[in-house]
Every structure is written in structure tokens, then in C-alpha cells.
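Participant:
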Amino acid sequence: MKRFLWWILLPLSLSAVEGERVYERKCASCHQRYIPVETLMKNFMEHNNTLLHLKAPTVNQLAYRLKQRIGDPKGDKDMQLMEVQSFVQDYLLYPDRQKSVCMPEVLSHFETMPSMRGKVTDEEIEAVAEWIYFYLPPQKEAKVLTFVDFGEAKRVAKRTGKVIMIEVTSPTCHYCVKMEKTTLKDPEVIRAIHRDFIPVRVDVSRQKLPDGLKWSMTPTFFFLDCDGKVLKTVPGAWMKEDFLSILEEVVEAKGVKR
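Numbering-wise (the numbering used here), the sequence shown opens with residue 5 and increments by one.
(1) Measure from the alpha carbon of PRO142 to the alpha carbon of each residue in ILE194, GLY155 and ALA161, then state which is nearest.
(2) Whether or not the region 38-49 and the region 107-122 are in contact is what I'm after, with contact meaning three or more pairs of Cβ atoms, one per stretch, closer than 8 Å; do they touch?
(3) Three Cβ pairs or more, each shorter than 8 Å: is that satisfied between the region 125-133 and the region 53-67?
(4) Per DSSP, which one or two residues make a beta bridge with PRO203?
(5) For PRO223, count the other beta carbons within 10 Å of its own beta carbon; 16 or more makes it buried, fewer makes it exposed. Which is it?
(6) Could you have a look at PHE225 and say whether DSSP puts it in helix, strand or coil?
(7) Do ILE136 and LYS166 count as a contact pair if the criterion is CB distance below 7 Å?
(8) In three-state terms, what does DSSP make of LEU140?
(9) For the beta strand (DSSP E) holding LEU235, just list the boundary residues, first then last.
(10) Is it right to say ARG159 is buried, meaning 16 or more other beta carbons lie within 10 angstroms of its own, or is it exposed?
Following this line, the structure appears as C-alpha cells:
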């Protein structure tokens, strides 16, 4: 039987590692982990699911659709988590296609899942939901930097031990634009950032820096730990090799585990 989505988001309590184990034991047989969006669109829109023969939405589909359809995507993240929690609890007990967050063109290829009452514990749901909510594409697949807001970056940093990297930028800054079109689009730089850092971009023409941080020029890069302690401040634009060296220095100073 084909199954429609059943793992999403509940309160954050267990570790991401445990959530991934739950996914592997109870979700992976139906929900593939990651397929690029371009391939997914081609599969559903052009090939009627005959290209991939998916049984259920992928993890990256679930993570994206939940954040876009439940609560306010631009609002308070903690509030959105609570709203998503309510949605998931209801859906797991009373699955209904009319309540789905999936696009109709995608949903039409899956049967509605059966109720999961008695088949999974609350702790397992909490763990796998957390893992899905914070899911990011694998490093080797990432083609662009995935930026998050500062609040989410701190939560992810606490779970993963990664360093928060804040890019201070402005649309009128020539060097910002140049670096974003060159160094920050380089595949090796993207892989290095996604491996060890959580990137946050702050446009100071529209936003204030978090936690009272001060800047004097753009671009400037702040590197912080999960508690908001500044580990390193690097002003200026940098070419690929120099910026990779900066990232490596931060990793070594922080002692990030790989």
C-alpha cells in the first residue's frame, strides 16, 4: 500500500541523532530522504511519478511544505512549532487527504496513510519530527547556501554543535554583491559552510543585528557559538581560498567535531 505523509513535527525533546534512527527504522521504507526539487518536479509534472516511483513524499518535501503551510512562515518560530505540533497530532490520529499540506499534483500519486495509533510512541514522534523540521539537504547536493533566521540558527547550533555564521550585508554594497556572486556561490565554499556552520544573512538596510552585535562596514562576518558568544569577527570581502582558510581557523578554534 502506498502511504502519504505521517512524520512531521511535535515538541523538541530527543536528539537529532535519535530522530534519524527513528526515520531509518520506521519511515525510510516509504519516505526517501532527499531528492533535488528539480528532479521531483520533473517526476510529478512531466512523468506522472513514473520516473521515481515514489511511495510517499521525501523528507525534504515534508520539511519545506510544513514550514510553508502550517502557521506563519515569517512569524515567530516557536509559535509555528506549536501550530505544527497541533496539526501533526491530529493528522496522525485522523489522517484525511483534505488536511494534507502537499500540492494536489503530488498528493494524487499517494494513498492516504492509515492511522498510526498504537504503532509509534510519543517519544519516537517527537524525535523524528524534530529531525525532519531541521532537515537540510546533504552537503554534496547543496548548490546554494541555505540561510535561516538567528533564532532557528541558535536552536540548530545547540543540537549540532555547529558555529553560527552571520553575514552582514547591504544591497548597495558593491563588495557584498561581488562576494555573494563569486566566493559564496563556489561549490567548495558552500560545502564547507554547510558542513560546519549555520549561515544567517542580515541585510542591515532592513534589519538590526541580533544580540546587540555592532558592525562598521559591509560585508562583515560574525562567527558565534550556540550561546551567542562571538568567536571571531571578520570584516571585508574575501576570495575563495582566503575565505576557506578563515572558515578552517574558526573550526579549529571552536573544536567542531566532524
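Each residue gets a CB set at the ideal place from its N, CA and C atoms; glycine is no exception.
Facilitator: Taking the structure as given:
(1) Within the sequence shown, numbered from 1, the residue matching residue 142 stands at position 138. PRO142 has its Cα closest to that of ILE194, out of ILE194, GLY155 and ALA161.
(2) yes
(3) no
(4) By one-based count along the sequence shown, residue 203 stands at place 199. Answer by DSSP bridge pairing, in chain order: MET169.
(5) On the sequence shown, residue 223 is found 219 positions in, with the first residue counted as 1. That one is buried.
(6) Here residue 225 corresponds to residue number 221 of the sequence shown, with the count starting at 1. Strand at PHE225.
(7) Locating residue 166 in the sequence shown gives position 162, counting from the first residue. Locating residue 136 in the sequence shown gives position 132, counting from the first residue. Their beta carbons are not under 7 Å apart, which means LYS166 does not touch ILE136 by this criterion.
(8) The residue labelled residue 140 in the question sits at position 136 within the sequence shown. Three-state DSSP puts LEU140 in coil, outside helix and strand.
(9) Counting from 1 along the sequence shown, the entry for residue 235 is found at position 231. Element bounds for LEU235: 234-239.
(10) Working through the sequence shown from its first residue, we reach residue 159 at position 155. Per the 10 Å Cβ criterion, buried.
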